[in-house]
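Asker: One structure is given below, represented as C-alpha cells, and several questions about it will come after.
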C-alpha cells in the first residue's frame, strides 16, 4: 500500500473503527503496518514459514471478524498483536488449543509502537538490553517466551533451581521495561 | 509491583502462559481481588510485546496478504454503506408502541362486542324476569294457602273429588291441583302416580288435602322425558311408597 494514501495517517483506533464497519481497505492498512511484527514473532517461535503464515492469517482474520476484541482505548494495536501472535504461536508449537480468549489480553506498554520509526528505535533498545543480560537470564527468558517452556521444564533443562528460573524470567522482563522508563 | 512480592514471579509466568496447577489457581483468585496485581500483569504483557520486538526476519510473503484479503472477502460481512447497525433494544420503544396500539385496537373491538353482548343479555334477563314474575304469580295463585278454590260442576250435581294434572314431558314439569278430596285415613296420605306408556308407575308426590279438601303438588322430582299414559292416586303411608298400593282411588288418562 502506498504511504500517499490518506488512510496511512489514520490512528490504529480509527482504522479499527473502520474495520468495524466493514472497510477492507482499513484492514489492509493495518496488515501493512503490523504484519511484519506478527510474522516475525510467529516465525521465531515456530521456525517454519508455512506455520508462521497460518498464524499471521489467523490473527488478522480474527481481528477482521471481531474488531471489538481489541480495546482501542488501551493503546496501540502493535503490542497487542505481538502478544496475541506470540501466544497463538506457542499454542501451535505445543499443539494445544488456544489458551485464553484474546479479549482477555489487556496490556500496557510504555513506548509508542505505532510508527515504523518508533518501532525501529524500540527494537534496537530491546536488543541492546537482551544483549547486555547474563546469558543464563537471557536463555531462561527466551525459553519461556519463544518456546513456551514452563519454569519446571527450564529448570530441568538447565539444572537451575525452580525459584531462580522464575526470578530470572521476571527480572528479564522488568529489565526491558526499565529501558523505556524515563 | 507493590505489596504482593509473593506473587511477583508467578505473575510473569502467568503473563507468559506457563503457570500451571495450584499456583495458577491461587494467583487467578488473588487477581480477582487485587487491582495492583492486575495492573502489573498488564505491564508484564507490555514487556512481552517489547520482547517480540527483538525478533526480526523476512517480511511475510506477498501471497499472505492476498490470502488474507481473499479470506476476508469470503467472510459474511457487515454493512459497509449503511450506518452502524443499531442494537435491537434501540427499536424496543417503537416496537412496544406498535404492540400497544394493536392491543388498544383489539381491546376496543372486544369492548364494543362485549358491550353489545351485555346489552343483549340485559334484555334477555329483563324478559326472563317478566316471565318469571308471571310464572311465580301463576304458581303462587295455584298453590296459595289462602286461595279460594272453587270447582264448578253442572248445577245440582254434588261436589266430587277432582284432580287436575298439567304435565310437560320435555321439561319434566308437573303441576297437580286437587279439590273436594276427603281426608285420608289416619297415618295415611294420598300419593300421585305417573303411569308411563311402558314400565312401572312412577311416584310423583305425596299430599294431604287441607280442611277444604284442596291440595297441590308442584314439580315433584321426576325422571326426564317420561312418555305418560295416565295419572293415578292411591292411599299410602304418610312417607309414601315406591309402588302403588291398590286400590286406585282416582285416575285420569292423558288427552
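Chains as they are written, first to last, in this note's numbering: chain F, 123 to 304; chain E, 54 to 308.
For every residue, glycine included, the Cβ atom is placed at its ideal position computed from N, Cα and C.
Do you know how far the Cα of residue 65 of chain E is from the Cα of residue 280 of chain F?
Answerer: Working through the first chain from its first residue, we reach residue 280 of chain F at position 158. Working through the second chain from its first residue, we reach residue 65 of chain E at position 12. The alpha-carbon atoms of residue 280 of chain F and residue 65 of chain E are separated by roughly 19 Å.
Asker: Contact criterion: CB-CB distance below 8 Å. Does residue 133 of chain E meet it with respect to chain F?
Answerer: Stepping through the second chain from its first residue, residue 133 of chain E is reached at position 80. Below a pLDDT of 50, predicted positions are generally treated as unreliable, and residue 133 of chain E, at 49, falls in that range; the measurement from the model is reported next regardless. Yes, contact with chain F.
Asker: Output, in chain order, the set of chain E residues within a Cβ distance shorter than 7 Å of residue 114 of chain F.
Answerer: Because chain F here runs from 123 to 304, residue 114 of chain F falls outside it and cannot be looked at.
Asker: Ordered along the chain, which non-local residues of its own chain (more than five positions away) have a Cβ less than 8 Å from that of residue 91 of chain E?
Answerer: Taking the first residue of the second chain as 1, we reach residue 91 of chain E at position 38. Closer than 8 Å at the Cβ level, and outside the excluded window around residue 91 of chain E, lie 84.
Asker: Under 7 Å between beta-carbons, which chain E residues line up against residue 209 of chain F? List them in chain order, please.
Answerer: As a position in the first chain, residue 209 of chain F is number 87, starting the count at 1. The answer, in chain order, is 70.
Asker: Between the alpha carbons of residue 61 of chain E and residue 292 of chain F, how many angstroms are there, rounded?
Answerer: Translated into the one-based positions of the second chain, residue 61 of chain E becomes position 8. Translated into the one-based positions of the first chain, residue 292 of chain F becomes position 170. The straight-line gap from Cα to Cα measures roughly 8 Å.
Asker: Give the single residue among E/276, E/230 and E/151 whose Cα lies nearest to the Cα of residue 263 of chain E.
Answerer: Within the second chain, residue 263 of chain E is the residue found at index 210, counting from 1. Per the Cα distances, E/230.
Asker: Could you name the residues of chain E that residue 149 of chain F contacts, counting a contact when the two beta carbons are closer than 7 Å?
Answerer: Within the first chain, numbered from 1, the residue matching residue 149 of chain F stands at position 27. Contact of residue 149 of chain F with chain E by beta-carbon distance below 7 Å involves 125.
Asker: Examine chain F for any beta-carbon lying closer than 8 Å to the beta-carbon of residue 113 of chain E, and answer yes or no.
Answerer: To locate residue 113 of chain E, count along the second chain from 1; it is residue 60. Residue contact check for residue 113 of chain E against chain F: a CB pair falls below 8 Å.
Asker: Please list, in chain order, all residues of the same chain as residue 286 of chain E whose beta carbon is under 6 Å from its beta carbon, the five residues on each side excluded.
Answerer: By one-based count along the second chain, residue 286 of chain E stands at place 233. Same-chain partners within the cutoff: 243, 245, 302 and 303.
Asker: Are residue 248 of chain F and residue 104 of chain E touching if we call contact CB-CB under 8 Å?
Answerer: Taking the first residue of the first chain as 1, we reach residue 248 of chain F at position 126. Taking the first residue of the second chain as 1, we reach residue 104 of chain E at position 51. A contact, by the Cβ cut-off of 8 Å.
Asker: Under 6 Å Cβ to Cβ from residue 57 of chain E, same chain only, skipping five residues before and after it: list those, please.
Answerer: Along the second chain, read from residue 1 onward, the residue named residue 57 of chain E stands at position 4. Excluding residues within five positions, the ones whose Cβ falls inside 6 Å are 90.
Asker: Got a sec, what are the start and stop residues for the alpha helix (DSSP H) residue 201 of chain F sits in?
Answerer: Looking up residue 201 of chain F in the first chain gives position 79. Counting along the chain, the alpha helix (DSSP H) containing residue 201 of chain F begins and ends at 199-215.
Asker: Ends of the beta strand (DSSP E) at residue 125 of chain E?
Answerer: Here residue 125 of chain E refers to the residue found at position 72 when the second chain is read from its first residue. Judged by DSSP secondary structure, residue 125 of chain E falls outside any beta strand (DSSP E) and instead within the alpha helix (DSSP H) spanning 115-127.
Asker: From the beta carbon of residue 71 of chain F, is the nearest beta carbon of chain E less than 8 Å away?
Answerer: Any property of residue 71 of chain F remains undetermined from this structure, which presents chain F solely from 123 to 304.
Asker: Per DSSP, which residues does residue 217 of chain E bridge with? Please list them.
Answerer: In the second chain, residue 217 of chain E corresponds to position 164, counting from 1. In the DSSP output, where bridge partners are listed per residue, residue 217 of chain E has E/230.
Asker: Does any residue of chain E bring its CB to less than 8 Å from the CB of residue 179 of chain F?
Answerer: The count along the first chain starts at 1 and reaches residue 179 of chain F at position 57. Between residue 179 of chain F and chain E, the shortest Cβ-Cβ separation is below 8 Å.
Asker: Rounded to the nearest angstrom, what separates residue 258 of chain F and residue 301 of chain F at their Cα positions?
Answerer: Counting from 1 along the first chain, the entry for residue 258 of chain F is found at position 136. Counting from 1 along the first chain, the entry for residue 301 of chain F is found at position 179. Answer to the nearest angstrom: the Cα atoms are 19 Å apart.
Asker: Is the shortest distance between the beta-carbon of residue 100 of chain E and the beta-carbons of chain F less than 8 Å?
Answerer: As a first step, residue 100 of chain E is located in the second chain; it is residue number 47 there, counting from the start. Answer yes: the Cβ-Cβ gap between residue 100 of chain E and chain F drops below 8 Å somewhere.
Asker: Tell me the rounded alpha-carbon separation between residue 264 of chain F and residue 96 of chain E.
Answerer: As a working note, residue 264 of chain F is residue 142 in the first chain. As a working note, residue 96 of chain E is residue 43 in the second chain. Distance between the alpha carbons of residue 264 of chain F and residue 96 of chain E is about 18 Å.
Asker: For residue 275 of chain F, which three-state DSSP category applies?
Answerer: The sequence position of residue 275 of chain F within the first chain is 153, counting from 1. Residue 275 of chain F falls in the helix class under three-state DSSP.
Asker: DSSP three-state label for residue 255 of chain F, please.
Answerer: As a working note, residue 255 of chain F is residue 133 in the first chain. Three-state result, residue 255 of chain F: coil.
Asker: Within a Cβ cutoff of 8 Å, which residues of the same chain sit near residue 290 of chain E, ignoring the five residues on either side of it in sequence?
Answerer: Counting from 1 along the second chain, the entry for residue 290 of chain E is found at position 237. Counting only Cβ-Cβ distances below 8 Å, and skipping sequence neighbours, we find 240, 241 and 242.
Asker: Taking only the alpha-carbon atoms, compute the straight-line gap between residue 170 of chain F and residue 153 of chain F and give it to the nearest angstrom.
Answerer: Locating residue 170 of chain F in the first chain gives position 48, where the first residue counts as 1. Locating residue 153 of chain F in the first chain gives position 31, where the first residue counts as 1. Near 20 Å, if we compare the C-alpha coordinates of residue 153 of chain F and residue 170 of chain F.
Asker: Compute the minimum distance between the beta carbon of residue 280 of chain E and the heavy atoms of the ligand MN, and state whether it is under 7 Å.
Answerer: Although the ligand MN was asked about, the structure shown includes no ligands whatsoever.
Asker: Can you tell me which of the three DSSP states residue 168 of chain E falls into?
Answerer: Translated into the one-based positions of the second chain, residue 168 of chain E becomes position 115. In the structure shown, residue 168 of chain E sits in a helix (DSSP, three-state: H, G or I).
Asker: Can you give the beta carbon distance from residue 261 of chain E to residue 237 of chain E, rounded, assuming they're within the 8 Å contact cut?
Answerer: Within the second chain, numbered from 1, the residue matching residue 261 of chain E stands at position 208. Within the second chain, numbered from 1, the residue matching residue 237 of chain E stands at position 184. Contact holds; Cβ gap of about 6 Å.
Asker: Measuring straight from C-alpha to C-alpha, what distance separates residue 76 of chain E and residue 59 of chain E?
Answerer: The count along the second chain starts at 1 and reaches residue 76 of chain E at position 23. The count along the second chain starts at 1 and reaches residue 59 of chain E at position 6. Whole-angstrom Cα-Cα distance: 11 Å.
Asker: Roughly how many whole angstroms lie between the Cα atoms of residue 7 of chain E and residue 204 of chain E?
Answerer: The first residue shown for chain E is 54 and the last is 308, placing residue 7 of chain E beyond what the model contains.
Asker: So residue 128 of chain E contacts chain F; which residues on that side make the cut at Cβ distance below 7 Å?
Answerer: Mapped onto the second chain, residue 128 of chain E falls at position 75. The answer, in chain order, is 186 and 187.
Asker: Within 8 Å (strictly less), CB to CB, does residue 80 of chain E reach chain F?
Answerer: Within the second chain, residue 80 of chain E is the residue found at index 27, counting from 1. False, the Cβ-Cβ gap to chain F never drops below 8 Å.
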